[in-house]
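Data block below; observations after.
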Amino acid sequence: MKTLVQHGTIVTSARTGSGDILIVDERIQEIGTSLPVSTADRILDARGMLILPGGIDVHTHLDMPFGGTTSSDDFETGTKAAAFGGTTTLIDFAIQPKGTRMRDALDTWWKKAEGKASIDYGLHMVVTDLGEAGLEDMDDMVREGVASFKLFMAYPGVLMVDDATIFKSLSRTARNGALVCMHAENGGVIDVIVQRTLAEGKRAPVYHALTRPARAEAEAVHRAIALAEISGAPVYIVHLSSEDALNEVREARDRGVPAFAETCPQYLLLSMEELTRPGFEGAKYVFTPPLREKYHLDKLWHGLREDHLQVVSTDHCPFCFKDQKTLGIDDFTKIPNGGPGVENRLQLIHHHGVNQGRISLNRFVELVATTPAKLFGLYPRKGEIAPGSDADLVVWDPNADHLISAATHHMRVDYSMFEGFRVKGNARTVLSRGEVIVEDGRFLGRTGRGRYLRREARGGAWN
Ligand code: URP
Ligand code: ZN
Ligand code: ZN
């Protein structure tokens, strides 16, 4: 099957230029001007459109048991929603229950995705317990293409691990080339503040934010980076939310330390006031780390522009307001932590980043596709428009007017964190490995067509 994408403006992290793209079966074969149409089976006219590499969201939680319930999107609904928004690859988190082997968790997550995903996906492994064989298990995971691990410095008694576990895991990745992703918040300190707050009878959603200070994030980021330095491994900070934490990453990078970090649209566009909405509405914005005071937002945008932050992911972890978020109606600590967003990442970052002049188009592509591919062992197969790369492409209409709303989104969740946000720019046609899976708001893909991606362990290094 030969597809010719004609007359578009091709935007990569490095270049912008007009050209045609010839796709043969699943891959890009040639890029040029006026490529011959006669041999193409299908022609996509992209006049007036941008052609971007498919988005890569390296932080999602599909079908994840958490907080006494399970995230409401599974691999079927979550990957489909991602595709509508121009994301053609995601990396989800398999979780090792304490006392079990990582291979069992990997099997569990493979089963969750098998026959359901409509875009390609990889998996990180959440390490909760090294036990006897945990370090060998980490090598085993790397052989299976799980080239990254997540460790939690928060959620004591559930997911949190101690510094020794973090240090041992980092030291292992210094040898096997995987990348450690850190949920960096000082869980012990936060727990003390939470218990004090509950004892004072404070139970509303806003206390979720008030009990998790930005300094507790900064302290953990500092510690994570220091442990990585001692072990000789790179480190990647997930869902960074505050100026305080950002300063720690910037300081380390200025010293040449291989520290990387992502932030998410919610931390760039929303602030703590959302948690004070009337009634129980604030619960829609309960996720961890919490939303911060307004002044942090500009600092994070600046961090993206200056490469103190390298990636925008979503931390898509949806729970319905009705029946799920309400588990915490009388106690903020029982509100399942997480929010939806996998469908809106490109729309929001394009509109509030590129259209508002905060970042260039090329930087936008770098943040949502190219650097994620590089850091997580998928480059140049994904995240690039070049001969040999998978034909994961987004025909992006930079002038499309789109109103974000739960009434029209495809995520299986009954609210949107960005309800009523109007954006200019949206995916018009989405190709995954040469196949059109979304066109003009219609899903043309097939449930189960998405493939597991075996990723290379390069320790976040690509130069
Ligand atoms: O609140 C959040 N972020 N839920 C998902 C789990 C995590 O910590 O990433
Ligand atoms: Zn986390
Ligand atoms: Zn997460």
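Taking the working numbering, the leading residue of the sequence shown gets 1, the next gets one more, and so forth.
Where is the CB? At the ideal position from N, CA and C, for every residue including glycine.
None of the values given here were measured: they were computed from a predicted structure.
Rounded Cβ spacing between residue i and residue j (contact assumed at less than 8 Å)
i                : j                 : result
alanine 245      : valine 206        : Wrong, their Cβ atoms sit about 21 Å apart, outside the cutoff.
glutamate 274    : serine 13         : Wrong, their Cβ atoms sit about 32 Å apart, outside the cutoff.
serine 71        : phenylalanine 321 : With a Cβ gap of about 14 Å, serine 71 and phenylalanine 321 do not count as contacting.
alanine 83       : isoleucine 51     : With a Cβ gap of about 16 Å, alanine 83 and isoleucine 51 do not count as contacting.
isoleucine 359   : leucine 304       : 6 Å
alanine 233      : threonine 326     : Their Cβ separation, rounded to whole angstroms, is 41 Å, which puts alanine 233 and threonine 326 out of contact at 8 Å.
lysine 98        : threonine 39      : In fact, because the Cβ distance is near 57 Å, the residues do not count as touching under 8 Å.
phenylalanine 93 : lysine 150        : 6 Å
Collapsed DSSP secondary structure at residue i in the structure displayed
i                 : result
leucine 378       : coil
lysine 294        : coil
asparagine 463    : Because the pLDDT of asparagine 463 is 47, which lies under 50, any placement of that residue in the model is unreliable, and the question is left without a value.
methionine 417    : coil
lysine 325        : helix
aspartate 139     : helix
alanine 155       : Checking the displayed sequence, the identity of residue 155 turns out to be tyrosine instead of alanine. The answer is coil: DSSP assigns tyrosine 155 none of H, G, I, E or B.
asparagine 362    : helix
alanine 117       : coil
valine 206        : helix
threonine 128     : coil
arginine 212      : coil
glutamine 6       : strand
phenylalanine 260 : strand
valine 249        : helix
serine 18         : strand
glutamine 310     : coil
phenylalanine 167 : helix
glutamine 29      : strand
leucine 123       : strand
Rounded straight-line distance, which links the Cα of residue j to that of residue i
i                 : j              : result
arginine 494      : arginine 27    : Past the edges of the chain, shown from 1 to 463, lies residue 494, and the structure says nothing about it.
threonine 100     : proline 213    : 33 Å
asparagine 463    : tyrosine 379   : In this prediction, asparagine 463 has a pLDDT of 47, which is less than 50 and means its spatial position is unreliable; what the coordinates show is noted afterwards. Taking the straight line joining both Cα atoms gives about 11 Å.
leucine 348       : alanine 133    : 43 Å
phenylalanine 443 : threonine 79   : 11 Å
valine 382        : glycine 55     : The question names valine, but residue 382 is lysine in the sequence shown. So the alpha carbons of these two residues sit roughly 9 Å apart.
aspartate 323     : isoleucine 335 : 11 Å
phenylalanine 167 : serine 231     : 7 Å
valine 354        : leucine 361    : 6 Å
lysine 112        : aspartate 63   : 7 Å
methionine 102    : valine 127     : 8 Å
glycine 377       : isoleucine 21  : 24 Å
arginine 47       : proline 398    : 12 Å
threonine 69      : aspartate 41   : 47 Å
methionine 141    : threonine 9    : 39 Å
threonine 77      : glutamate 343  : 11 Å
alanine 283       : arginine 345   : 21 Å
phenylalanine 260 : proline 36     : 43 Å
proline 340       : histidine 316  : 5 Å
glycine 131       : valine 161     : 12 Å
serine 18         : leucine 170    : 44 Å
methionine 49     : valine 146     : 35 Å
serine 416        : histidine 350  : 18 Å
glutamate 229     : proline 258    : 8 Å
arginine 203      : methionine 138 : 40 Å
leucine 198       : isoleucine 329 : 14 Å
glutamine 29      : arginine 15    : 18 Å
Check: residue i C-beta below 6 Å from any heavy atom of ligand 2
i             : result
histidine 208 : no
lysine 183    : Position check: residue 183 holds histidine in this sequence, whereas lysine was assumed. Because some heavy atom of ligand 2 lies under 6 Å away, the Cβ of histidine 183 counts as near it: yes.
Check: residue i C-beta below 6 Å from any heavy atom of ligand 1
i              : result
asparagine 337 : yes
cysteine 264   : no
aspartate 74   : no
threonine 288  : yes
histidine 61   : yes
cysteine 317   : yes
Residue i beta carbon near ligand 3 (any heavy atom closer than 6 Å)
i            : result
aspartate 57 : no
aspartate 25 : no
Below-7 Å beta-carbon distance, residue i vs any chain B residue
i              : result
methionine 272 : In the structure shown, chain B does not exist; there is a single protein chain.
Check whether the region 378-389 touches the region 429-448, taking contact to mean three or more Cβ pairs, one atom from each stretch, closer than 8 Å. They do not touch, by the three-pair rule.
Touch test, the region 104-112 against the region 432-442, Cβ-Cβ under 8 Å, three pairs minimum: No: fewer than three Cβ pairs fall under 8 Å.
With three or more beta-carbon pairs closer than 8 Å as the criterion, would you say the region 226-237 touches the region 179-192? yes
Do the region 247-256 and the region 271-288 touch if we need at least three Cβ pairs shorter than 8 Å? Not touching, per the Cβ criterion.
May I ask you to verify whether the region 294-308 touches the region 262-271, counting CB pairs closer than 8 Å and requiring at least 3? yes
Is it a yes or a no for the region 55-65 touching the region 85-98, going by three-plus beta-carbon pairs under 8 Å? With contact defined as three or more Cβ pairs closer than 8 Å, the region 55-65 and the region 85-98 are in contact.
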